[in-house]
Structures are given as structure tokens and as C-alpha cells.
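One structure is given here, and the rest of the page talks about it.
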RNA sequence: GCGGGGGUAGCUAAGCCUGGCCAAAGGCGCCGGACUUAAGAUCCGGUCUCGCAGGAGUCCGUGGGUUCAAAUCCCACCCCCCGCACCA
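Numbering (this note's numbering), first residue to last: 19 to 944.
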């Protein structure tokens with residue numbers, strides 16, 4: 019009888035929905051939501067699924083609430099990753115080929131063409147649209163675009179003109195990770211190794227040796243006062259080179275690095291490390307010192323020569339001690355200069371000896387060094403003779419002094435090495451010039467953003483702190499790139515606008531995307547966009563009618579109501595877009611709200627394409643059906659929580675939908691006369707509608723689903739149990755069916771579209787009215803009565819289970835009126851702990867003595883166990899217990915299969931009857 | 001390191017702001033029963049421990065505290081996850 023065929027439902031609904039979700043400005047109130055558009059460089063997995071299904075559920079909900087809803091989609095193809103991918107495919111990189119051929123299942127003929135980056139994004143954009151459609155996303159595809167469309171570029175140019183004129187764009191220089199083989203800066207995912215490496219700014223301390231300079235890099239220039247020697251690796255061949263015209267002695271590697279960091283370098287000759295050893299060098303702040311041999315000196319670290327501060331650097335201390343144990347350089351003594359709590363006179367010696375380290379290669383050395391450096395920085399003070407300042411201040415002062423008076427410059431180097439590019443080449447630090455920045459550091463701009471944030475609604479509210487912090491912490495952002503796809507930077511057309519900077523106000527572009535396509539890109543002057551988005555009139559605007567239509571769209575839809583995105587974008591995109599909006603748009607068009615998503619896990623592990631730990635969305639839809647995928651993703655966690663995809667859980671969701679489908683079919687033709695239990699069911703339904711509605715208004719898809727699906731299902735279970743034998747329910751079930759199908763329509767639209775037809779609904783359920791709460795169906799009296807019965811049945815069952823005799827009859831004895839009086843007095847008492855005294859002041863009660871005090875105690879306990887709203891109802895309206903149980907006698911008899919007697923506790927011969935309390939009758943099973 | 005989030009029964013996950021409804025919802029899993037030739041599906045019941053009367057005991061990362069009353073409030077500690085920029 020089932021007829022449950024999700025595949026068929028999907029096909030049918032897809033036909034009905036074609037072009038159904040293409041809203042135009044109208045008289046209706048609008049609801050505009052947008053999600054971060056995808057970067058289509060690979061196939062969609064179930065994690066992406068949730069990102070786009072959550073907004074769809076919200077869109078469908080508001081559509082049914084009578085709003086004109088816009089849910090648009092486009093594709094972000096700007097940037098460098100696909101360039102890398104196409105290159106790797108071109109050179110037949112095995113790993114990449116495997117990913118695209120096997121995991122993403124790109125047909126061989128298509129894969130061949132992936133040597134062109136645009137082909138990749140085109141292919142996956144189409145795939146995205148196909149899979150999104152298969153998932154039932156109610157997207158207005160007329161507005162689809164990509165970020166390299168010429169019209170979009172015109173839009174971006176307009177945006178940047180405004181940013182530039184407002185002084186938000188400046189030019190500067192910037193150190194970056196750079197591959198000399200690719201001749202390009204490299205990002206995290208271009209790296210084979212060292213993706214955690216940070217660029218650190220070192221001070222080069224210039225020692226003089228003959229006519230040449232020996233630079234040594236340090237993060238602790240203040241320790242110059244404690245330098246006792248330099249270290250040179252005797253196994254390394256150094257060079258003498260003219261750096262900016264002056265002779266320096268450095269390692270070969272250092273020469274290459276300096277070349278990338280704004281220095282001219284001309285190599286003069288090689289110098290074996292050994293020939294430097296035992297010569298001397300001088301620095302005005304430490305005098306003349308010897309150069310000693312040390313194998314730990316890495317020529318690939320900064321200048322390749324190291325200054326030695328044995329009193330404060332464990333490595334230096336040990337290296338010196340080793341030499342001295344061989345009887346060499348025994349006259350050199352560590353020169354301490356910093357006093358720090360927790361360490362002795364010579365901190366490095368102290369630390370090394372305390373840890374019992376005998377060997378430079380001891381693995382604890384790094385941790386020991388780190389700990390000492392931190393303590394010195396945090397708590398250390400220089401000796402009085404060196405100025406007596408705290409280390410953190412002295413460090414800056416000495417660095418400044420050195421660069422002003424002693425020829426020090428800056429050298430950039432990574433904090434961890436090696437850093438290796440995907441091409442196999444070692445990555446170095448390069449200083450980029452002509453680098454353009456967005457001045458996010460500008461306090462005035464920040465203030466505007468903070469103000470706007472205050473007016474925005476953020477979901478969940480906890481993320482507000484993170485936004486505030488991001489605004490506070492944001493520095494200037496390098497906004498141009500040399501490689502990739504994108505819009506040319508107007509003030510230097512050799513560069514491109516960087517991807518996170520060309521995707522900040524495109525939500526406005528959606529409003530006109532389908533109309534602007536009709537215009538020739540070269541007619542799209544800044545004045546055109548000024549008119550559309552800012553309402554600025556100007557002479558000679560082309561095709562004014564079209565522009566008016568676009569202006570109209572923009573005014574209707576903007577600002578957007580909510581923007582959705584994953585939480586990892588808080589620290590960039592989501593915050594950037596506020597910056598750009600406040601810089602360009604008028605106050606009434608600024609963003610209204612944001613919803614931040616959690617991440618997706620697959621079987622408990624983080625989803626990651628590169629590790630192969632993904633489940634493709636299309637496969638999931640094929641295997642389980644779109645509604646199942648949707649319902650699982652919406653029901654397993656709230657949007658902002660992380661969710662975990664597990665196939666076995668998903669499979670059970672499918673059964674749940676089938677159960678729902680069957681239940682509707684069983685109920686839709688019921689025609690019996692309504693009874694009290696029907697009134698109960700309808701009264702409860704109201705509450706579920708209310709809660710589902712409130713949950714969806716708050717984006718709580720999980721909560722909404724619990725209410726709309728499981729709560730109603732559980733009510734129906736009880737309802738069916740309460741029906742007289744042979745009855746399959748009353749005609750009221752039909753309105754329950756109608757409401758239920760509509761409540762679930764945002765979640766499982768395919769199945770609901772089919773059911774809507776089956777139950778004779780008008781039009782599409784996607785556009786049906788959301789169920790409304792009609793308070794006249796609220797029936798507290800019946801709900802309370804049913805609650806009493808339900809609780810009593812539970813008691814009966816637990817007793818029955820416990821006593822393990824075959825019952826022959828059941829007697830239910832009802833509490834006497836005076837116990838009700840006690841109950842009410844306590845329930846209404848402002849302080850329930852004191853209520854007993856009030857009760858015992860009453861003569862009648864006092865005459866009952868212990869019986870009354872016991873009852874009072876039991877009532878107090880009971881009141882604390884009952885839900886407050888029930889207590890309130892009992893105390894105010896009360897409930898006619900006798901009527902409830904007499905009416906339910908046939909039901910109880912059917913349930914337990916024995917005669918059921920209802921008596922008053924006071925007239926019952928059973929001792930147990932005395933335990934009867936209000937809302938908790940005594941029970942005797944014999 | 002800095003910043004944010006979180007630790008609840010076999011798993012998952014509500015509850016915490018606004019203390020008593022909490023032995024703690026829902027879902028999954030598992031166990032028992034009904035149906036079936038059987039399996040599956042479906043339906044019913046159970047699922048911390050003890051108890052032949054609806055109860056009692058222990059429990060919500062750990063240890064303290066406040067309160068008539070704490071998963072919930074306060075303090076300290078332990079552990080896990082995420083973000084930190086030239087990258088979409």
C-alpha cells in the first residue's frame with residue numbers, strides 16, 4: 019500500500035518547480051537571504067549540502083509565511099587555486115588526477131580540458147547547479163553569474179572607485195612567502211611543507227671584521243651586551259659579497275634571500291668557514307669578540323652567522339661549554355645582562371644544569387629555550403648598567419638604536435623551516451612592492467563597522483564577541499595579486515583584485531544580475547552603478563528604462579535580511595563585507611543580519627577532499643533521496659553546531675519520512691465524529707505549530723524538526739491508543755494532515771509536494787500558507803485531563819510490571835476535597851516552605867492532625883515534581899478527576915484487560931487509598 | 001601564544017541564561033514482545049543500580065562553595081575542537 023517512492027516524488031516536483039522560484043519586486047513584503055557563493059573547484063560534498071540547504075529551509079518557510087523570497091546563487095571563480103590545479107593536471111600530477119578522476123568522477127574527455135582553469139570552474143559550476151537543483155534548493159537561477167563576467171568586473175571597478183576615493187585603498191610594501199621557481203607568492207595550499215611557518219622580522223646586528231660587515235640575525239637585539247663571540251659553521255662555504263655596495267660576509271643562501279628583500283648583491287668571492295674561525299669581529303656595544311666554530315649553525319637560517327650570548331641562550335651556552343671541555347677558549351665567560359625571577363645569575367647555565375642536559379642534541383633544548391625566552395621577555399629586566407629597563411622595552415629601544423646608529427637593517431625569515439613549494443623549490447621571503455592594501459586598520463572605518471554591527475542581528479548571539487574582536491584586530495589587507503583569475507586592479511592593471519576583496523558587496527549585484535546582462539559591458543560606467551545603487555542622477559545615462567528597472571529591484575530587495583556562511587569566515591569575509599557595505603551604501607541599505615554555520619564531520623572525522631574523507635552530495639541524494647539528505651542535515655544539529663554525517667543514521671531518517679508518508683495516507687480519509695481526544699490532538703497541534711514557527715524564525719532547524727515531526731508523531735501515537743476499538747479517527751485528522759504536511763514542507767519538500775496533492779491541497783505546497791494558530795482550538799481543560807490520565811496510566815504500568823501477578827481488577831481512588839485545598843494553598847503560596855504553617859492554622863486542618871501535615875508534605879513534594887504550568891492549572895481551574903476516569907474507564911479496561919473501578923479515597927476500604935493526592939490518585943491492583 | 005566554542009547515560013543531543021517540572025526530551029543503537037513459514041519492514045514495551053506498589057540510591061569533565069534545593073549559580077583545575085590573513 020505504501021506507494022512511497024522518493025525518486026518519483028523528486029521527478030514530479032522538479033517539473034512543478036521549474037522557474038517557480040523566480041521572484042520579482044511586488045507589493046508583498048520581501049525576504050532576501052544570501053549564502054557565500056561557492057568556489058567551484060571540485061565536487062560538492064554533504065558539508066556543502068548543509069550550507070545551502072539551511073538557507074533553503076528558511077527561504078521556503080518565509081515563502082509560506084507570505085513573503086516574496088529571494089534566494090540567489092552565483093559562482094566565485096576568482097583567485098589562484100584553479101590555476102594551480104590546471105597546471106598540476108597539465109603535468110599529470112598523480113595526486114591531482116586521482117582526486118578529479120576518481121573522487122570527483124570527472125569524465126576523461128572533460129578532465130583533459132582541465133588544463134584550462136576556466137574549464138574547471140565552468141564544469142563544476144554546472145555540476146553545482148545540477149546538484150543544488152537535485153537537492154530542491156529554491157534558487158532563482160536567472161540571477162546566476164560568475165565573478166569573471168565582464169559586467170561583474172565593471173561592478174567591481176565601480177566598487178573600488180568608491181573605496182579608493184574614500185581613501186580606503188593605499189599602496190605599500192609587504193613581505194610574502196615566495197617561490198623563485200614559479201616566480202610567485204605562495205599561499206598555504208601551494209605548500210608541500212611548512213604551511214605553519216610564519217614570516218618573522220629579524221634585526222641584523224652588524225659586526226665589523228676588517229673592511230667587511232658580518233651581519234647576524236636576532237630576535238633579541240638587547241642581548242648584544244652579552245655577546246661573547248660569533249658562531250660560524252666550519253663545514254660551510256661562506257661568501258663575501260657587495261650588499262648595497264658594501265662588503266658583507268654571509269652564507270650563499272643568505273645572499274639569495276637578501277636579493278629578494280630589496281638589496282643589491284654582488285658576490286665577490288667564496289670564504290671557507292674554517293678561515294673565519296679564530297678571527298675577530300667588533301661591535302660598538304660589545305667590543306671585540308672572537309669567531310668560534312659551531313656545527314649547529316645553519317647557513318639557511320637568516321645570514322648564516324650567529325651571535326652568541328651564552329648567558330641567556332641555552333644553545334650558545336652548551337656549544338661554548340663543549341669547546342671549553344676540550345680545553346679550548348677557556349678564557350671566555352658568559353656575560354649575563356638580564357635578571358629574571360626563577361633563574362640564577364647566568365640563566366642559560368642554570369636552566370641547562372637544572373635540566374641535566376649534557377648534549378646539544380637533547381630534544382628538550384627547544385622547549386627549554388622557549389621557556390627561558392618567554393620568561394625573560396615577560397618578567398626580565400636589564401641590569402642597571404645597561405639601563406635597567408624591562409626586556410620588552412629594552413628590546414625595542416636597542417633595535418631602534420642599532421638601526422639609527424649602527425647600520426642594522428631588517429631581514430625576514432621563517433620561524434620554522436623548511437618551507438617547500440608544491441613545485442619542490444625552497445620558498446623564501448620576498449618583499450613585494452607596489453602592493454596595494456585595504457586600510458582595515460583605519461580607526462574611523464572600524465568605528466563605522468562597529469556601529470553597524472550593533473544594529474545587526476547575529477545568529478547565534480555568541481559570535482558577536484568574535485566579530486567585535488575581528489574588527490578590532492584587523493590590519494591592512496593586501497588586496498591585489500599577480501596571478502589568478504579576477505578583475506584587473508584599476509590603478510595597476512598588471513595586478514588583480516584579490517578574491518576576498520571582490521566578493522564583499524555582490525549581494526547587491528544579485529538584485530540586478532539578470533537584467534544587467536542585457537547591457538553591453540562598455541556602457542556600464544561608474545555613473546550607471548551610482549544611479550542603480552545610490553540613486554545619483556547624471557547626464558547621458560544609457561538605456562534609462564533598464565536602469566530604472568534595476569534601481570527598482572535594488573530598492574525592493576536591499577538590504578539583505580540575512581547572510582549565511584561558515585564560522586571560519588568570520589575573521590575575514592563576513593567582516594570584510596560589512597566594511598565594504600558601510601563604505602559604499604547608504605545607511606538604509608546596510609546588512610541586517612548574519613547566520614554563522616558550524617563545520618561538517620564525516621563519521622566523526624573532519625571532512626577533507628584532499629584526504630579523501632568526503633561523501634559527495636550527489637551520491638548521498640542518489641542513495642538516500644533528497645528529502646532524506648535534507649531532513650538528516652537539518653535535524654542532526656542546529657546550523658551553527660558541527661554536524662556528523664553517518665550513513666546508518668541517515669538510513670533511519672529515510673524510514674521516518676516513509677512513516678510520515680504512510681501516516682498521512684492512513685489519516686487523510688478518516689471521517690469519524692470528533693471526540694474529546696480529537697480536541698486534545700488539535701489543542702496540542704497548536705502548540706507544535708507555535709514552537710515550529712518560533713524555532714524557524716530563530717533558524718533552529720533541528721528544534722523545528724523535533725517539534726514538527728517527532729512531537730506530532732508522538733501525539734498521534736497516544737491518540738491512536740485512545741481511540742475506541744475499530745475507530746480509525748475523526749475527520750479532524752484531515753486538518754491535522756494538512757497542517758502537518760505544510761509544517762514539514764520546508765524540510766522535505768519533495769515528499770510534501772506529493773502529499774499535498776494527495777490530500778487535495780490547492781496549488782503547490784511550496785507556496786501554500788503556513789499553518790496558523792487559532793487560539794480557539796486551545797483547550798487547556800482537555801489537555802490537563804489527558805495529562806492526568808497519561809500519568810495514571812504510566813503509574814499503572816510501572817506497578818503492573820513490578821508486582822508480577824496477574825491482575826484481576828484495578829481500583830483507582832480519588833483524593834478528597836480537603837487535600838485539594840492543601841494542594842491549592844501550597845501551590846499559590848509565595849514561599850512554599852512556609853505554606854504548611856498557614857495550612858495548620860486552619861481549624862479543620864488542625865483537627866486532622868498528622869494526616870494533614872503528611873498530606874501537606876506530600877503535596878509539596880508533588881508540586882515540585884509537576885511542571886509549573888500544570889500546577890497552576892490544577893490550582894486555578896482544577897480538574898474533575900472523577901469525570902476524567904469515568905470517561906476513560908473503557909479505555910483503561912481495554913489497555914489492562916481487567917475491570918476498572920473508580921472510587922473516592924475516603925470511602926475506600928483499602929489502606930492504600932489514603933495515599934491518594936490531587937492529580938495522583940491511589941491505585942490498587944488485585 | 002592570542003581569541004572563540006565545548007565536555008550530559010552505549011552513541012548522538014536537548015536542558016544551563018531565567019535553580020525545584022531532571023534519572024535528565026528526541027533520535028540512533030541494543031534487548032524483549034507482537035506480526036511473519038522465516039528474515040526484513042512495521043508496531044508495542046524496556047534500556048544507571050536496587051525494589052513483588054507507583055519508590056529509593058547514585059549520576060550530568062574533576063574538586064570545592066552558595067542554597068531548604070544545583071546538570072543549571074560562584075571559584076579553581078583537567079581535557080577536546082575551531083580561527084589567527086595574502087587563502088577560498
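Just so you know, even glycine gets a beta-carbon here, dropped at the ideal spot from N, CA and C.
(request) Specify the secondary structure class of residue 679 as computed by DSSP and reduced to three states. (result) Translated into positions along the first chain, residue 679 becomes position 661. In this structure, residue 679 counts as helix in the three-state DSSP scheme.
(request) Confirm, please, whether the CB-CB distance from residue 193 to residue 166 is below 8 Å. (result) As a first step, residue 166 must be located in the first chain, where it is residue number 148. As a first step, residue 193 must be located in the first chain, where it is residue number 175. In this structure, residue 193 does not lie closer than 8 Å to residue 166 by Cβ.
(request) Confirm, please, whether the CB-CB distance from residue 897 to residue 803 is below 8 Å. (result) Taking the first chain and counting its residues from 1, one reaches residue 803 at position 785. Taking the first chain and counting its residues from 1, one reaches residue 897 at position 879. Contact flag set, yes.
(request) Report the three-state DSSP secondary structure of residue 448 (helix, strand or coil). (result) Position 430 of the first chain, counted from the first residue, corresponds to residue 448. Here residue 448 sits in strand by DSSP.
(message) Please return the same chain residues whose Cβ sits closer than 8 Å to the Cβ of residue 906, not counting the five positions on each side in sequence.
(response) Within the first chain, residue 906 is the residue found at index 888, counting from 1. So the list reads 807, once near-sequence residues are dropped.
(request) Within the same chain, show all residues whose beta-carbon is closer than 8 Å to that of residue 286, passing over the 5 residues directly before and after it, in chain order. (result) To locate residue 286, count along the first chain from 1; it is residue 268. Taken in chain order, the residues that qualify are 257, 258, 259, 260, 265.
(request) Please report how far the alpha carbon of residue 813 lies from the alpha carbon of residue 71, in whole angstroms. (result) Stepping through the first chain from its first residue, residue 813 is reached at position 795. Stepping through the first chain from its first residue, residue 71 is reached at position 53. Between residue 813 and residue 71, the C-alpha separation is close to 44 Å.
(request) Measure the beta-carbon distance from residue 492 to residue 646 and round it to whole angstroms, keeping in mind my assumption that it falls under 8 Å. (result) In the first chain, the residue the question calls residue 492 occupies position 474. In the first chain, the residue the question calls residue 646 occupies position 628. Contact flag wrong, Cβ pair sits at about 42 Å.
(request) Out of 915, 834, 868, state which residue places its alpha-carbon closest to the alpha-carbon of residue 939. (result) Translated into positions along the first chain, residue 939 becomes position 921. That would be 834, whose Cα lies nearest to the Cα of residue 939.
(request) Can you grab the Cα-Cα spacing for the pair residue 796 / residue 704, in whole Å? (result) In the first chain, the residue the question calls residue 796 occupies position 778. In the first chain, the residue the question calls residue 704 occupies position 686. Spanning the two alpha carbons is a distance of roughly 7 Å.
(request) Would you kindly work out how many angstroms separate the C-alpha atoms of residue 432 and residue 412, rounded to a whole number? (result) On the first chain, residue 432 is found 414 positions in, with the first residue counted as 1. On the first chain, residue 412 is found 394 positions in, with the first residue counted as 1. Each residue's alpha carbon lies about 24 Å from the other.
(message) So, at 7 Å on beta carbons, what are the nonlocal neighbours of residue 77 in its own chain, with the 5 sequence-adjacent residues on each side left out?
(response) For this step, residue 77 is matched to residue 59 along the first chain. So the qualifying residues of the chain are 51, 87, 89, 156.
(request) Sort 170, 448, 223 by Cα distance to residue 4 and report the nearest one. (result) Shown here, the chain extends from 19 to 944; a query on residue 4 therefore has no answer.
(request) Give me the Cα-Cα distance between residue 575 and residue 523, rounded to the nearest whole angstrom. (result) In the first chain, counting from the first residue as 1, residue 575 sits at position 557. In the first chain, counting from the first residue as 1, residue 523 sits at position 505. Those two C-alpha atoms are separated by around 14 Å.
(request) Check whether the Cβ of residue 449 sits closer than 7 Å to any heavy atom of the ligand MN, and report yes or no. (result) No copy of the ligand MN occurs in the structure displayed, which carries no ligand at all.
(message) Using only CA atoms, which one of 94, 778, 152 lies nearest to residue 641?
(response) On the first chain, position 623 is the one that residue 641 refers to. Per the Cα distances, 152.
(message) Cutting at 7 Å between CB atoms, please list the residues of its own chain near residue 693, excluding the five before and the five after it.
(response) Here residue 693 is taken as the residue at index 675 of the first chain, counted from 1. Around residue 693: 748.
(request) Answer with buried or exposed for residue 37, where buried requires no fewer than 16 other C-beta atoms within 10 angstroms of its C-beta. (result) As a position in the first chain, residue 37 is number 19, starting the count at 1. With fewer than 16 Cβ atoms within 10 Å of its Cβ, residue 37 is classed as exposed.
(request) Between the Cα of residue 159 and those of 40, 518, 662, spot the shortest distance and give me the residue it belongs to. (result) Counting from 1 along the first chain, the entry for residue 159 is found at position 141. Ranking the options by Cα distance to residue 159, first place goes to 40.
(request) Inspect the CB distances between the stretch 380–393 and the stretch 403–422 and report whether three or more fall short of 8 Å. (result) no
(message) In chain order, what are the residue ranges of uninterrupted alpha helix (DSSP H) at least 4 long that sit wholly in the stretch 867–932?
(response) 868–883, 886–894, 899–914
(message) Less than 8 Å between the beta carbons of residue 539 and residue 168, yes or no?
(response) Here residue 539 is taken as the residue at index 521 of the first chain, counted from 1. Here residue 168 is taken as the residue at index 150 of the first chain, counted from 1. Yes. Within cutoff.
(request) Could you check what DSSP says for residue 857 in three-state terms: helix, strand or coil? (result) Working through the first chain from its first residue, we reach residue 857 at position 839. Residue state, collapsed to three classes: helix.
(request) Under 8 Å by Cβ, that's how I've got residue 332 and residue 386 pegged, so tell me the actual separation to the nearest angstrom. (result) Within the first chain, residue 332 is the residue found at index 314, counting from 1. Within the first chain, residue 386 is the residue found at index 368, counting from 1. So it is a contact: roughly 5 Å between Cβ atoms.
(message) With the cut-off set at 8 Å, would you say residue 652 and residue 75 are in Cβ contact?
(response) Counting from 1 along the first chain, the entry for residue 652 is found at position 634. Counting from 1 along the first chain, the entry for residue 75 is found at position 57. Contact flag set, yes.
(request) May I ask you to report which of helix, strand or coil DSSP gives residue 220? (result) Against the first chain, residue 220 aligns to sequence position 202. In this structure, residue 220 counts as strand in the three-state DSSP scheme.
(request) Return the chain-ordered list of same chain residues with a C-beta closer than 6 Å to the C-beta of residue 203, the five sequence neighbours on each side being excluded. (result) Here residue 203 corresponds to residue number 185 of the first chain, with the count starting at 1. Closer than 6 Å at the Cβ level, and outside the excluded window around residue 203, lie 194, 196.
(message) Could you tell me the alpha carbon to alpha carbon distance between residue 187 and residue 509, rounded to whole angstroms?
(response) For the purposes of this step, residue 187 is identified with residue 169 of the first chain, where counting begins at 1. For the purposes of this step, residue 509 is identified with residue 491 of the first chain, where counting begins at 1. Roughly 10 Å between the two C-alpha positions.
(message) If you measure between the beta carbons of residue 707 and residue 769, is that distance less than 8 Å?
(response) Your numbering for residue 707 matches position 689 in the first chain. Your numbering for residue 769 matches position 751 in the first chain. Not a contact, by the Cβ cut-off of 8 Å.
(request) Give me whichever residues DSSP pairs with residue 50 in a beta bridge. (result) As a first step, residue 50 is located in the first chain; it is residue number 32 there, counting from the start. The partner list for residue 50 (beta bridge, DSSP) reads 88.
(message) Excluding the 5 residues flanking residue 924 on each side, which residues of the same chain have their C-beta closer than 8 Å to its C-beta?
(response) Numbered from its first residue, the first chain carries residue 924 at position 906. Cβ neighbours of residue 924 beyond the five flanking positions: 834, 931.
(request) Using the DSSP secondary-structure output, state which residues sit across from residue 507 in a beta bridge. (result) Locating residue 507 in the first chain gives position 489, counting from the first residue. BP columns for residue 507 point to 510.
(request) Decide if residue 677 is buried, meaning its Cβ has at least 16 other Cβ atoms within 10 Å, or exposed. (result) Here residue 677 refers to the residue found at position 659 when the first chain is read from its first residue. By the 10 Å Cβ count, residue 677 comes out exposed.
(request) Could you tell me the distance, in whole angstroms, from the CA atom of residue 223 to the CA atom of residue 170? (result) Reading the first chain from its first residue, position 205 is the one you call residue 223. Reading the first chain from its first residue, position 152 is the one you call residue 170. Straight-line Cα distance between these residues: approximately 50 Å.
(request) In angstroms with no decimal places, state the Cα-to-Cα distance between residue 374 and residue 343. (result) Position 356 of the first chain holds residue 374. Position 325 of the first chain holds residue 343. In a straight line, the C-alpha of residue 374 is about 16 Å away from that of residue 343.
(message) Please report the distance separating the alpha-carbon of residue 19 from that of residue 682.
(response) Position 1 of the first chain, counted from the start, is the residue given in the question as residue 19. Position 664 of the first chain, counted from the start, is the residue given in the question as residue 682. Low confidence applies to residue 19: its pLDDT is 43, below 50, so where it sits in the model is not reliable enough to give any reading.
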